[in-house]
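Below is one structure; the comments refer to it alone.
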Amino acid sequence: MAVKILMVCLGNICRSPLAEGILAAKLPENNFSVDSAGTGSWHIGSSPDKRSIATAKAHHLDISKQKGRQFNKTDFDVFDYIYVMDKSNYDNVIALANNTEQKQKVQIILNELFPGENVDVPDPYYGLENGFENVYSMLDEACSIIADKLISKHT
Ligand code: 4NP
Numbered sequence: 000m001a002v003k004i005l006m007v008c009l010g011n012i013c014r015s016p017l018a019e020g021i022l023a024a025k026l027p028e029n030n031f032s033v034d035s036a037g038t039g040s041w042h043i044g045s046s047p048d049k050r051s052i053a054t055a056k057a058h059h060l061d062i063s064k065q066k067g068r069q070f071n072k073t074d075f076d077v078f079d080y081i082y083v084m085d086k087s088n089y090d091n092v093i094a095l096a097n098n099t100e101q102k103q104k105v106q107i108i109l110n111e112l113f114p115g116e117n118v119d120v121p122d123p124y125y126g127l128e129n130g131f132e133n134v135y136s137m138l139d140e141a142c143s144i145i146a147d148k149l150i151s152k153h154t
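Take the sequence shown: its position 113, counted from the start at 1, is 112 in numbering that gives the first Met the number 0, and no numbers get skipped.
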């Protein structure tokens with residue numbers, strides 16, 4: 000059975016679609032599957048933000064086929080690892096958990112780079128264009144660490 004990883008942000012159109020594409024490209028497809036979701040419901044069924052699609056494309060990743068969906072409680076049963084982009088995502092996801100085992104699946108993604116510091120991936124939605132490149136580079140670093148750990152643990 001493939002190990003399942005979920006990336007979560009607020010809208011599921013800017014940060015988590017990039018995180019999904021970046022991590023999926025670093026993992027062997029037959030052992031792992033990566034998905035993303037938002038805690039909010041505004042963008043259910045939407046494609047990623049065109050700035051996220053363009054940033055991914057500049058790094059040879061195609062995230063254009065992804066469709067937005069909302070995080071829900073059954074994701075705790077389906078996924079082995081849940082990475083959230085910021086503290087408010089963390090609080091929103093944890094509020095839906097039923098038990099400690101489910102809570103332990105949830106990690107703030109930049110704690111991979113800065114352990115215990117709870118640093119946010121800044122939401123680039125209302126920001127400047129280079130916000131997306133900044134998000135890409137943070138996520139690329141964090142996902143390299145995550146991929147190394149997952150590959151050594153699960154393959
Ligand atoms: P994301 O960014 O959480 O990185 O996808 C956002 C996109 C849209 C909204 C909020 C955050 N929104 O409020 O529509």
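Where a beta carbon is used, it is the ideal one built from N, C-alpha and C, also for glycine.
When the options are compared against residue i, the one with the closest alpha-carbon
| i | options | result |
| --- | --- | --- |
| arginine 50 | Asn129, Ser40, Asn30 | Asn129 |
| isoleucine 52 | Ile21, His58, Ile107, Ile62 | Ile62 |
| glutamate 100 | Asp79, Ile145, Ile107 | Asp79 |
| proline 47 | Cys8, Asn88, Val105 | Cys8 |
Closer than 7 Å: residue i CB and nearest the ligand 4NP heavy atom
| i | result |
| --- | --- |
| cysteine 8 | yes |
| glycine 20 | no |
| asparagine 91 | no |
| asparagine 29 | no |
| serine 15 | yes |
| aspartate 122 | yes |
Spatial neighbours of residue i in its chain, beta-carbon cut-off 7 Å, leaving aside the 5 residues before and after
| i | result |
| --- | --- |
| asparagine 11 | Ser35, Ala36, Gly37, His42, Gly67, Arg68 |
| methionine 137 | Leu109, Val120 |
| valine 77 | Lys3 |
| tyrosine 89 | Val83, Val105, Ile107 |
| proline 16 | Ser35, Pro47, Ser51, Ile62, Gln65 |
Residue i at chain C interface by Cβ criterion, 8 Å
| i | result |
| --- | --- |
| phenylalanine 70 | The displayed structure is made up of one protein chain only, and chain C is not part of it. |
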